[in-house]
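The structure appears below as structure tokens.
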Amino acid sequence: MSGAGPNPIAIGGFALFIALSLVITWFAARRTKNTETFFAAGRSITATQNGLALAGDYMSAASFLGIAGLVSLSGFDGLIYSIGFLVGWPVVICMIAEPLRNLGKYTFTDVVAYRLRQTPVRVASAFGGLAVVAFYLIAQMVGAGNLIRLLFGLPYETAVVIVGLVMLAYVLFGGMLATTWVQIVKAVLLLSGAFLLAFLVLVRFSMNPLALFSEAARQYGAAVLAPGRLVSDPLDAISLGIALMFGTAGLPHVLMRFYTVPYAKTARVSVAVATGVVGTFFLLTFVLGFGAMVLVGQDSIRKVDAGGNMAALLLAETVGGQAFLGFIAAVAFATILAVVAGLTLAGAAALAHDVWVSVIRRGHAAEHEQFVVARAATIVLAIASIVLGIVFKGQNVAFMVGLAFAIAASANFPALVMSVFWRAFTTRGAQASMIVGTASALILIYLSPTVQVDILKQPTAWFPLRNPGLVTIPLSFLVGIAVSLIAPEPEAARRFAEVEHRIHFGD
Amino acid sequence: MRRVSSPSDKLRTLDAARWRIALMITVTMAVIYIGFILLVAYDKPLLGTSIAEGLSLGILLGALVIVSTWLLIAIYVRWANRHYDPALAALRHEAGPK
Numbered sequence: 009m010s011g012a013g014p015n016p017i018a019i020g021g022f023a024l025f026i027a028l029s030l031v032i033t034w035f036a037a038r039r040t041k042n043t044e045t046f047f048a049a050g051r052s053i054t055a056t057q058n059g060l061a062l063a064g065d066y067m068s069a070a071s072f073l074g075i076a077g078l079v080s081l082s083g084f085d086g087l088i089y090s091i092g093f094l095v096g097w098p099v100v101i102c103m104i105a106e107p108l109r110n111l112g113k114y115t116f117t118d119v120v121a122y123r124l125r126q127t128p129v130r131v132a133s134a135f136g137g138l139a140v141v142a143f144y145l146i147a148q149m150v151g152a153g154n155l156i157r158l159l160f161g162l163p164y165e166t167a168v169v170i171v172g173l174v175m176l177a178y179v180l181f182g183g184m185l186a187t188t189w190v191q192i193v194k195a196v197l198l199l200s201g202a203f204l205l206a207f208l209v210l211v212r213f214s215m216n217p218l219a220l221f222s223e224a225a226r227q228y229g230a231a232v233l234a235p236g237r238l239v240s241d242p243l244d245a246i247s248l249g250i251a252l253m254f255g256t257a258g259l260p261h262v263l264m265r266f267y268t269v270p271y272a273k274t275a276r277v278s279v280a281v282a283t284g285v286v287g288t289f290f291l292l293t294f295v296l297g298f299g300a301m302v303l304v305g306q307d308s309i310r311k312v313d314a315g316g317n318m319a320a321l322l323l324a325e326t327v328g329g330q331a332f333l334g335f336i337a338a339v340a341f342a343t344i345l346a347v348v349a350g351l352t353l354a355g356a357a358a359l360a361h362d363v364w365v366s367v368i369r370r371g372h373a374a375e376h377e378q379f380v381v382a383r384a385a386t387i388v389l390a391i392a393s394i395v396l397g398i399v400f401k402g403q404n405v406a407f408m409v410g411l412a413f414a415i416a417a418s419a420n421f422p423a424l425v426m427s428v429f430w431r432a433f434t435t436r437g438a439q440a441s442m443i444v445g446t447a448s449a450l451i452l453i454y455l456s457p458t459v460q461v462d463i464l465k466q467p468t469a470w471f472p473l474r475n476p477g478l479v480t481i482p483l484s485f486l487v488g489i490a491v492s493l494i495a496p497e498p499e500a501a502r503r504f505a506e507v508e509h510r511i512h513f514g515d
Numbered sequence: 292m293r294r295v296s297s298p299s300d301k302l303r304t305l306d307a308a309r310w311r312i313a314l315m316i317t318v319t320m321a322v323i324y325i326g327f328i329l330l331v332a333y334d335k336p337l338l339g340t341s342i343a344e345g346l347s348l349g350i351l352l353g354a355l356v357i358v359s360t361w362l363l364i365a366i367y368v369r370w371a372n373r374h375y376d377p378a379l380a381a382l383r384h385e386a387g388p389k
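Sequence order for the protein chains is A and B. Its first residue numbered 9, the first sequence is counted upward by one per residue in this note's numbering. Its first residue numbered 292, the second sequence is counted upward by one per residue in this note's numbering.
Here it is in structure tokens:
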């Protein structure tokens, strides 16, 4: 790995995982005979299984490769990300998980649209949902392309096409059941890989993380244990923080997982399991990041990839040799592949279930037709993700994910919360909140220093914040509230009793 | 128990309790996390203070934010399993099969 070029053991590990996942897909395909199995795994997933799958969806390329790399290069500052990615889960469990399970069928839009007029709500929501999926997909595809290029020496474009095709195969034939099982296998592999890696690092420091941290401070100065330059603008930091906190509760592919379990209580317990797994994993990134800093060295990490994205892999090679590098590399691929599959499925559900069946067919589509449309939507999204992955070559992975969270928090979260908790919420209010949330987030991202100064090379940016969450999340709530108050919808308010009943009893 | 009330009133009371817990957990999490971010932004030297050999205040607090996430979730799951679910089951029994 120190040099470029293919690594036979890593390729072997990768091939093994692909083979395993295709076996899973084959078994799942034999059971995927209708839309409910394709999108919701027949509601047969247990709490622990769903918890692992949720954790799997959440531990993406950005968290494993990105955070380990950030910590190895900038110390404490990298940890700010791993902490930020976790604080959204309490919001998910107490506000979203159970109502979602009891009110919806396949997508979070089912919940928003429940007592409102279907067509306008579904169109607005598909707009927001697809924007989130697109940004998240781009980040994963870019990560995957770079990883395969670095490890196997394949061209970036070829790498993106391979990831796209493998993902297409198992979403298309296995649907949610296969995607869930691939996520479970991957979550277990990723967690055991991270544990093993952390163990091999700590063995060298008599199992004491503090000895590792003080060695890092000795080599690179005490500054690596203190906040540095990353958070220089407090407003920007708070904006990113709010986006991360409320974005989790608006991610379509995470929300979709609550439909795969049979009861509200199962949904609740699965969030607890997921948070346990993800939190443990993020605590391990403390050890992995500082381990790479001390054992691999910042210069060697930068030499392989300036962004530090290969730090975890280099660390694996240093402490465990080629075979272990192969294993960790396979796990990293599995991570990206599985997250891409989950995202594609969420996008396909928005297109097939929300747009085609509810809007174009006005809610009357034959079961067989839904199934065909769902698969056609999957193919369209796979092609789109391959094209977008190639177009956005060279973008920063963790940053793109941060933007996806901001769009999710502005477009989906406010409408979801208001539809469940506020009687006077109306169709027009939901529509306005989702469209204004999505559009304002996209426009402010375009006007931010990242696009204007970094990409378009303008001297200044019109909007000062790199992440728009601080402005767009309150804006989306305010627009939803104002529009609902100006034009009340008695029918929607009357049907709120039904919503209340279903949220609690689920029937 | 307070006065005898209809099932729908009881459901409303239960719903209000659920909403209060949800709000309390969300606000607590926001205060902890945004407080942490503000410290990172405004008082970098404080977080750089060494508490033990190799352990800065910043790293300790960061790990505690992760632990606080677990605690808040444990509090909610405990409340829901012990109070919310039984109360719902009782209400459902009272209301009869729908």
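Positions of the beta carbon are idealized from the N, C-alpha and C atoms, including for glycine.
1. Residues of chain B with CB closer than 7 Å to the CB of serine 222 of chain A, please, in chain order.
2. Just checking, does the stretch 384-396 of chain A make contact with the stretch 94-101 of chain A on the three C-beta pairs under 8 Å criterion?
3. Which runs of the alpha helix (DSSP H) spanning at least 4 residues fall entirely within the stretch 52-78 of chain A, listed in chain order?
4. Could you check how far apart the C-beta atoms of threonine 516 of chain A and alanine 139 of chain A are, in whole angstroms? I think they sit under 8 Å.
5. Taking just the CA atoms, how far does isoleucine 394 of chain A sit from leucine 176 of chain A?
6. Does the stretch 198-205 of chain A come close enough to the stretch 319-335 of chain B that 3 or more CB-CB pairs lie under 8 Å?
7. Hey, does alanine 314 of chain A have any beta-carbon neighbour from chain B nearer than 8 Å?
8. Nearest-angstrom Cα distance between glutamine 227 of chain A and phenylalanine 135 of chain A?
9. Quick check on the burial criterion: 16 or more other C-beta atoms within 10 angstroms. Buried or exposed for histidine 512 of chain A?
10. Could you check whether the stretch 308-316 of chain A touches the stretch 104-122 of chain A, counting it as contact only if at least three pairs of C-beta atoms, one from each stretch, sit closer than 8 Å?
11. For the pair the stretch 120-130 of chain A and the stretch 495-514 of chain A, tell me if three or more CB-CB distances fall below 8 Å.
12. Check alanine 343 of chain B in the structure and name its three-state DSSP category.
13. Alpha carbon to alpha carbon, what distance is there between phenylalanine 332 of chain A and alanine 12 of chain A?
14. For a contact defined as C-beta to C-beta under 7 Å, what are the partners of isoleucine 75 of chain A on chain B?
15. Is DSSP giving tryptophan 361 of chain B helix, strand or coil here?
16. How would you call asparagine 216 of chain A, buried or exposed, if buried means at least 16 neighbouring beta carbons within 10 angstroms?
17. Please report the distance separating the alpha-carbon of isoleucine 246 of chain A from that of glutamate 377 of chain A.
18. Where does arginine 311 of chain B land, buried or exposed, given buried means 16+ other C-beta within 10 angstroms?
19. For the structure I just gave you, are there three or more beta carbon pairs, one from the stretch 412-431 of chain A and one from the stretch 472-489 of chain A, closer than 8 Å?
20. Over the uninterrupted alpha helix (DSSP H) stretch that includes glycine 299 of chain A, give me the two end residues.
21. So, is serine 299 of chain B buried or exposed, given that buried needs 16 or more other C-beta atoms within 10 angstroms?
22. In chain A, which residues lie with their C-beta within 8 Å of the C-beta of arginine 383 of chain B?
23. Taking 8 Å as the CB-CB cut-off, is leucine 351 of chain B touching chain A?
24. Is proline 16 of chain A buried or exposed, if buried means 16 or more other CB atoms sit within 10 Å of its CB?
25. Enumerate in chain order the residues of its own chain whose CB-to-CB distance from alanine 251 of chain A is below 7 Å, with the five nearest sequence positions on each side excluded.
26. Taking its Cβ as the centre, do 16 or more other Cβ atoms sit within 10 Å of alanine 381 of chain B, making it buried, or is it exposed?
27. When the distance is taken between beta carbons, is serine 68 of chain A closer than 8 Å to valine 347 of chain A?
28. For alanine 147 of chain A and methionine 408 of chain A, which I take to be in contact (beta-carbon distance under 8 Å), what is that distance rounded to the nearest angstrom?
29. Is it true that the CB of leucine 363 of chain B sits closer than 8 Å to the CB of isoleucine 325 of chain B?
30. Taking DSSP as the reference, what is the three-state secondary structure of lysine 389 of chain B?
31. Nearest to alanine 324 of chain A by alpha carbon, out of A:Ile156, A:Gly334, A:Asp85?
32. Taking the Cβ atom as the reference point for each residue, do phenylalanine 254 of chain A and glycine 96 of chain A lie within a distance shorter than 8 Å?
33. Give me the Cα-Cα distance between glutamine 57 of chain A and valine 269 of chain A, rounded to the nearest whole angstrom.
34. Could you name the residues of chain B that phenylalanine 84 of chain A contacts, counting a contact when the two beta carbons are closer than 9 Å?
35. Quick one, which residues of the stretch 86-104 of chain A are near chain B if we go by CB-CB under 9 Å, in chain order?
Once the coordinates are examined:
1. Stepping through the first sequence from its first residue, residue 222 of chain A is reached at position 214. In chain order: Glu344, Gly345.
2. Too few Cβ pairs lie closer than 8 Å, so no.
3. Runs found: 55-66.
4. For chain A, the structure presents residues 9 to 515; residue 516 of chain A sits outside this window and is missing.
5. Counting from one through the first sequence, the residue named residue 176 of chain A turns up at place 168. Counting from one through the first sequence, the residue named residue 394 of chain A turns up at place 386. Going from the Cα of leucine 176 of chain A to the Cα of isoleucine 394 of chain A covers about 11 Å.
6. Verdict: no, contact absent.
7. Numbered from its first residue, the first sequence carries residue 314 of chain A at position 306. Taking Cβ atoms only, chain B never reaches closer than 8 Å to alanine 314 of chain A, which makes this a no.
8. On the first sequence, position 219 is the one that residue 227 of chain A refers to. On the first sequence, position 127 is the one that residue 135 of chain A refers to. Straight-line spacing of the CA atoms in glutamine 227 of chain A and phenylalanine 135 of chain A works out to 50 Å.
9. Your numbering for residue 512 of chain A matches position 504 in the first sequence. So histidine 512 of chain A ends up on the buried side.
10. The stretch 308-316 of chain A vs the stretch 104-122 of chain A: no contact.
11. The stretch 120-130 of chain A is in contact with the stretch 495-514 of chain A.
12. One-based indexing of the second sequence puts residue 343 of chain B at position 52. Residue state, collapsed to three classes: strand.
13. Within the first sequence, the letter at position 4 stands for residue 12 of chain A. Within the first sequence, the letter at position 324 stands for residue 332 of chain A. Because alanine 12 of chain A sits at a pLDDT of 44, beneath the cut-off of 50, its placement in the model cannot be relied upon, and the following sentence gives the value as read from the coordinates. Spanning the two alpha carbons is a distance of roughly 18 Å.
14. The sequence position of residue 75 of chain A within the first sequence is 67, counting from 1. Neighbours of isoleucine 75 of chain A across chain B, judged by C-beta separation under 7 Å, do not exist; the nearest C-beta is about 12 Å away.
15. What you label residue 361 of chain B is simply residue 70 of the second sequence in a count that begins at 1. Helix.
16. The sequence position of residue 216 of chain A within the first sequence is 208, counting from 1. Asparagine 216 of chain A sits exposed, since fewer than 16 C-beta atoms from the chains shown fall within 10 Å of its C-beta.
17. Taking the first sequence and counting its residues from 1, one reaches residue 246 of chain A at position 238. Taking the first sequence and counting its residues from 1, one reaches residue 377 of chain A at position 369. Distance between the alpha carbons of isoleucine 246 of chain A and glutamate 377 of chain A is about 46 Å.
18. One-based indexing of the second sequence puts residue 311 of chain B at position 20. It counts as exposed.
19. Taking 8 Å as the limit for Cβ pairs, the verdict is that the stretch 472-489 of chain A does touch the stretch 412-431 of chain A.
20. The count along the first sequence starts at 1 and reaches residue 299 of chain A at position 291. Where glycine 299 of chain A is concerned, the enclosing alpha helix (DSSP H) stretches over 272-299.
21. Position 8 of the second sequence, counted from the start, is the residue given in the question as residue 299 of chain B. Using a 10 angstroms sphere on the CB of serine 299 of chain B, the tally of other CB atoms stays under 16, which defines it as exposed.
22. Here residue 383 of chain B corresponds to residue number 92 of the second sequence, with the count starting at 1. Simply Phe513.
23. As a first step, residue 351 of chain B must be located in the second sequence, where it is residue number 60. No, leucine 351 of chain B lies away from the interface with chain A (no Cβ there is under 8 Å from its Cβ).
24. Sequence index remark: in the first sequence, residue 16 of chain A carries index 8 (1-based). With fewer than 16 other Cβ atoms within 10 Å, it is exposed.
25. Position 243 of the first sequence, counted from the first residue, corresponds to residue 251 of chain A. Scanning its chain for C-beta atoms nearer than 7 Å, with the 5 sequence neighbours on each side dropped, one finds around alanine 251 of chain A the residues Gly410, Phe413, Ala414, Ala417, Asn475, Gly477, in chain order.
26. Reading the second sequence from its first residue, position 90 is the one you call residue 381 of chain B. Only exposed fits alanine 381 of chain B, as fewer than 16 other CB atoms lie within 10 angstroms of its CB.
27. Start at 1 with the first residue of the first sequence, and residue 347 of chain A comes out as number 339. Start at 1 with the first residue of the first sequence, and residue 68 of chain A comes out as number 60. Yes, they are a contact pair.
28. Sequence index remark: in the first sequence, residue 147 of chain A carries index 139 (1-based). Sequence index remark: in the first sequence, residue 408 of chain A carries index 400 (1-based). Rounded, the Cβ-Cβ distance is 4 Å, consistent with contact.
29. Position 34 of the second sequence, counting from 1, holds the residue named residue 325 of chain B. Position 72 of the second sequence, counting from 1, holds the residue named residue 363 of chain B. Cβ distance not < 8 Å, so isoleucine 325 of chain B and leucine 363 of chain B don't count as in contact.
30. Mapped onto the second sequence, residue 389 of chain B falls at position 98. In this predicted model, lysine 389 of chain B has a pLDDT of only 47, less than 50, meaning its place in the structure is not dependable; the value taken from the coordinates is given anyway. Annotated three-state conformation of lysine 389 of chain B is coil, per DSSP.
31. Stepping through the first sequence from its first residue, residue 324 of chain A is reached at position 316. The shortest C-alpha separation from alanine 324 of chain A is found at A:Gly334.
32. On the first sequence, position 246 is the one that residue 254 of chain A refers to. On the first sequence, position 88 is the one that residue 96 of chain A refers to. Yes, Cβ-Cβ distance for phenylalanine 254 of chain A and glycine 96 of chain A is below 8 Å.
33. By one-based count along the first sequence, residue 57 of chain A stands at place 49. By one-based count along the first sequence, residue 269 of chain A stands at place 261. Near 9 Å, if we compare the C-alpha coordinates of valine 269 of chain A and glutamine 57 of chain A.
34. For the purposes of this step, residue 84 of chain A is taken as the residue at position 76 of the first sequence. Under the 9 Å cutoff, chain B gives Val331, Leu338, Gly339, Ser347, Gly349, Ile350, Gly353.
35. Taking 9 Å as the Cβ-Cβ cut-off against chain B, the residues of the stretch 86-104 of chain A that qualify are Leu87, Ile88, Ser90, Ile91, Gly92, Leu94, Val95, Gly96, Trp97, Pro98, Val99, Ile101, Cys102, Met103.
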